[in-house]
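Numbering (our numbering), first residue to last: 996 to 1102.
This is how it looks when you write it as structure tokens:
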């Protein structure tokens, strides 16, 4: 499934600048979610893996933090996780990358 079907546009007609302004930028988001048991951690992992827009993720169970990276709107992902987990989700940090920086992820 390509971006043209997601956005609903014929991408051959539009310039690259117009298309990239419509699509969400590449970002990494750190959230705080209480995953106190192994079952909650597995459920969160399953939810994240089913989201196509998330490319990489990291679940830190002891610190109660989750880091996700991909092309998405951060608030939308936090709301989806909150609804599916039925737990409070707090966005701690969002880093947006422009152009060539998306290949260089933070340590």
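The beta-carbon is built from N, C-alpha and C at its ideal position, and this holds for glycine as well.
(request) Would you check if the distance between the CB atom of residue 1054 and the CB atom of residue 1039 is smaller than 8 angstroms? (result) Reading the chain shown from its first residue, position 59 is the one you call residue 1054. Reading the chain shown from its first residue, position 44 is the one you call residue 1039. Their beta carbons are under 8 angstroms apart, which means residue 1054 touches residue 1039 by this criterion.
(request) Return the chain-ordered list of same chain residues with a C-beta closer than 6 angstroms to the C-beta of residue 1063, the five sequence neighbours on each side being excluded. (result) Translated into positions along the chain shown, residue 1063 becomes position 68. Counting only Cβ-Cβ distances below 6 angstroms, and skipping sequence neighbours, we find 1024, 1049, 1052.
(request) For residue 996, count neighbouring C-beta atoms within 10 Å of its own C-beta (all shown protein chains included) and say buried if the count is 16 or more, exposed if not. (result) Translated into positions along the chain shown, residue 996 becomes position 1. Because residue 996 carries a pLDDT of 49, less than 50, the predicted location of this residue cannot be relied on, and no value is offered for it.
(message) Nearest by alpha-carbon distance to residue 1019: which of 1066, 1092, 1086, 1047 is it?
(response) Along the chain shown, one-based indexing puts residue 1019 at 24. If we check each option's Cα against that of residue 1019, 1066 comes out closest.
(request) Would you kindly work out how many angstroms separate the C-alpha atoms of residue 1084 and residue 1093, rounded to a whole number? (result) As a first step, residue 1084 must be located in the chain shown, where it is residue number 89. As a first step, residue 1093 must be located in the chain shown, where it is residue number 98. Approximately 26 angstroms between the Cα atoms of the pair.
(request) Could you have a look at residue 1082 and say whether DSSP puts it in helix, strand or coil? (result) Taking the chain shown and counting its residues from 1, the one referred to as residue 1082 is at position 87. Correct three-state label for residue 1082: coil.
(request) Measure from the alpha carbon of residue 1056 to the alpha carbon of each residue in 1022, 1087, 1089, 1032, then state which is nearest. (result) Numbered from its first residue, the chain shown carries residue 1056 at position 61. The residue with the shortest Cα to Cα distance from residue 1056 is 1032.
(message) Given a cut-off of 8 angstroms on the beta-carbon distance, is the pair residue 1086 and residue 1061 in contact?
(response) For the purposes of this step, residue 1086 is taken as the residue at position 91 of the chain shown. For the purposes of this step, residue 1061 is taken as the residue at position 66 of the chain shown. Cβ distance not < 8 angstroms, so residue 1086 and residue 1061 don't count as in contact.
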